[in-house]
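As structure tokens, the structure follows; a few thoughts come after it.
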Amino acid sequence: MTTKQFLPLPYGKDDFDNLKADGCYFVDKTSYLKDVVDTDKSYVMLFTRPRRFGKSLFMTMAESFLKIDSDNPGDTTLQQKTFKDTKILDDKEFCQKYMGQYPVICLTLKGVQGDDFEDAYYKLAEIVSAKADEYSFLKESPALDEKEKAKFDKLCDEDYLKNFDKKTRSYVTSSIISLAKMLYKHFKKQVYVLIDEYDVPLAKAQEKNYHDKMVTLITSLFDFFKTPPKDLKTNELYVKKIIMTGCLKVAKNSIFTGVNNLYVNTVVDREPEYTGIIGFTKEDTYQFLKDYELDDFAQTVKDNYDGYKFYDKEMFCPWDVVNFIKKNFNFQQNCPAEKIKAGNYWATSTSSSAVYEYLGYLTDSDTQKMQNLVDGKSISFKLNDSMNYDCLSQHEPNDFWSLLLHTGYLTVDWEKTDALTPNESNPDDIVVRLPNLEIKDCFTKNIQKRFNDVFVNLKLPGKFVNALVKGQQQDISNILFDMLQKYVSIRDTATKAPLENYYHGFINGIFTSCEKIVSEYHSNYEAGNGYPDITFKAERNTKAVIIEIKATSKAEEMDELAAIALRQIEEKNYAEPFTKIAKITDIYAYGIAFCKKDCSLVVKNLKAKK
């Protein structure tokens with residue numbers, strides 16, 4: 055066992071000061087501060103990345119770097135300690151100009167949600183009140199007049215802000231710019247405004263059906279973006295810069311309408327200066343693994359958590375990497391290497407409700423695209439880079455794929471995107487793929503749940519069984535055809551398994567919802583002189599069904615293969631266990647042949663009444 059001392063892991067740490075105070079391992083992203091704070095002169099900057107990629111940590115790092123000491127303005131002792139050994143301290147000129155020199159308003163909107171609009175508003179009121187309390191020194195500020203101090207007192211009063219009347223709501227929606235004006239007057243310095251997870255309230259509101267009201271609220275909160283107020287004496291803007299993070303750009307709604315100096319950086323942008331700003335690069339990840347003596351498992355981590363391509367950089371989700379190290383570090387120290395496992399940590403960290411809602415509205419073409427993704431292929435679609443959350447209710451397929459891309463289920467296949475022929479494609483066309491094994495697992499579980507739920511809601515499994523135990527050939531054929539159009543197989547193409555296995559899984563999937571209407575269901579169970587694909591009993595065990603499956607890539611072979619399957623049932627005497635039971639009045643044997651999304655079947659009652 056090694057005697058090396060390891061730093062605490064930054065598990066669940068999304069606050070920079072807290073992470074550094076606890077002495078946790080830190081992947082240094084401080085060099086990006088100069089690009090964001092100084093180099094780019096945009097008034098509003100928005101960075102969109104999937105959940106759990108480290109947006110909050112970056113924002114609190116920026117706050118920690120910039121924030122002025124209210125007791126001793128200009129004193130950077132705290133920053134010198136917190137940022138010790140980070141890259142940004144090498145840039146003396148930048149640090150002298152910005153480090154600890156500006157008032158900062160940093161708030162996250164991830165908690166602004168509720169079952170209805172009023173609940174969500176109360177959460178925003180709580181956030182505003184808590185933020186105002188951080189600037190309690192303003193109560194005694196000689197730079198503020200009595201009217202401004204009275205307004206500040208109301209911003210600190212949570213109960214007052216929760217009155218929910220029109221006047222009170224105006225205090226809440228003007229809170230950011232009001233605080234910025236007060237901080238500017240107190241410190242005589244422009245203010246940086248940092249807003250993390252700005253679009254979470256919109257996403258949650260869409261789920262709970264109060265999206266329009268939330269758009270109005272957030273639009274009012276950000277209203278000062280459009281015509282930034284300034285100090286009449288100095289002619290300076292109160293707010294120097296606004297930096298935001300989220301998942302979607304949402305530029306179609308009124309939130310950003312009229313915001314002229316807005317820079318947006320998304321997962322599909324090509325500016326190399328920002329591709330690695332949020333998330334772990336390949337180099338970050340491999341060094342992290344090496345520092346915890348898990349570098350022998352770099353390939354395992356790459357297979358399961360790599361695959362995101364933000365233009366020129368391979369990116370890993372930090373949440374996954376930290377969890378992998380946390381879960382396996384002790385195993386590596388004390389147990390055999392085979393104990394090291396790559397778990398699925400992303401599945402429980404992100405909401406898929408919006409994604410799942412779409413699944414019932416996909417066309418057959420989109421279902422095939424989904425199948426292609428599961429099979430390891432890339433797909434193309436027209437990107438809606440500025441979709442709004444209320445677009446989701448329209449269930450447009452391109453919005454569905456765009457949502458998957460922005461929320462981390464997909465990543466851009468840049469090589470194939472760049473290879474698109476300009477004359478044959480739209481400028482918004484993009485090629486994407488599943489990034490890694492972990493996301494494939496999340497993706498397929500959602501698909502499988504959708505597959506089961508849709509079939510259950512349509513009562514198709516019950517109709518299918520009812521037709522099977524009555525020998526209704528045409529009804530069975532119709533039901534199977536309709537199901538095949540929506541089905542997406544969760545199959546492993548790398549195993550080169552027989553094509554029949556694909557359709558065997560399809561039939562097994564149907565019967566997972568039939569526990570209460572069938573009994574003694576068996577798959578590949580010994581009977582007679584072989585192993586029939588599927589057998590079961592139904593209708594109080596008075597009916598028996600035997601199914602043999604064949605598959606082909608040629609449609610013209612289906613009828614012949616179905617007949618061969620039926621003969622196999624008879625020749626191998628699969629019905630033997632049922633023929634000995636007097637209670638069973640009918641034994642229906644089915645030969646079913648599949649070709650892509652079509653099928654042919656034949657049926658014979660092996661115990662028909664004389």
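Here the sequence shown is numbered in this note's numbering, starting from 55 and rising by one per residue.
Ideal Cβ positions, reconstructed from N, Cα and C, are used throughout, including at glycine.
Beta-carbon to beta-carbon, Thr606 and Val599 are separated by about 23 Å, too far to satisfy the 8 Å threshold. Residue pairing by DSSP puts Lys597 in a beta bridge opposite Ala592 and Asp640. Annotated as distal: Val158 and Lys193, with beta-carbon spacing of 8 Å or more.
With respect to the C-alpha of Lys651, the residue from Ile533, His240 and Glu602 having the closest C-alpha is Ile533. When the alpha-carbon of Gly330 is set against those of Val226, Ala473, Glu580 and Lys363, the nearest one is in Lys363. The straight-line gap separating the alpha-carbon atoms of His265 and Pro283 is approximately 28 Å. At least 8 Å separates the beta-carbon of Val90 from that of Leu316.
For Gly128, same chain residues with a beta-carbon under 8 Å away, outside a window of 5 residues either side, are Ile122, Gly154 and Gln155 in chain order. Under the three-state reduction of DSSP output, Leu100 falls in the strand class.
If you ignore the 5 residues before and after Asp323, its C-beta comes within less than 6 Å of no other C-beta in its own chain. At the C-beta level, Ala116 and Leu248 come within 8 Å of one another.
Bounds of the beta strand (DSSP E) holding Arg487 are Asp483 to Arg487.
Under the 10 Å beta carbon count, Glu602 is surrounded by 16 or more other beta carbons and is classified as buried. Contact annotation: Gln244 and Glu290 have beta-carbon atoms nearer than 8 Å. Secondary structure at Leu655: strand, using DSSP grouped into helix, strand and coil. By alpha-carbon distance to Phe80, the top candidate from Val375, Leu198, Thr288 and Asn319 is Val375. Leu161 sits in a strand when the DSSP states are folded into three classes. In this structure Ala616 touches Lys604 by the C-beta definition: roughly 7 Å separates them, less than 8 Å.
Contact check for Tyr644 against Gly582 fails: the beta carbons are separated by 8 Å or more. The three-state reading of DSSP puts Asn377 in helix, counting H, G and I together. With 16 or more other Cβ atoms inside 10 Å of its own Cβ, Pro372 counts as buried. Residue environment: Gly66 is assigned as exposed (fewer than 16 neighbouring CB atoms within 10 Å of its CB, all protein chains considered). Assigned with DSSP and collapsed to three states, Met298 falls in strand. Taken atom to atom, the span from the alpha-carbon of Thr140 to that of Leu87 is near 12 Å. Excluding the 5 residues flanking it on each side, Tyr585 has same chain C-beta neighbours closer than 6 Å at Asn578, in chain order. A distance below 8 Å separates the beta carbons of Phe119 and Phe137.
With 16 or more other CB atoms across the displayed protein chains lying within 10 angstroms of its CB, Gln133 is buried. Following the DSSP letters along the chain, one finds Asp250 inside the beta strand (DSSP E) bounded by residues Val245 to Asp250. Lys303 sits away from Val321, with the two beta carbons spaced by 8 Å or more. The three-state reading of DSSP puts Leu291 in strand, counting E and B together.
Residue pairing from DSSP places Thr465 in a beta bridge opposite Arg487.
The three-state reading of DSSP puts Ile142 in helix, counting H, G and I together. With a cut-off of 8 Å on Cβ pairs, the segment 223-235 is in contact with the segment 177-185, counting three or more such pairs.
The beta carbon of Ala521 lies closer than 8 Å to those of Asp529, Ile530 and Ile533 in the same chain, with the five residues before and after it left out. Segment contact: the segment 192-209 against the segment 170-178, fewer than three CB-CB distances shorter than 8 Å; contact not assigned.
DSSP places Phe560 in the uninterrupted alpha helix (DSSP H) bounded by Leu553 to Phe565.
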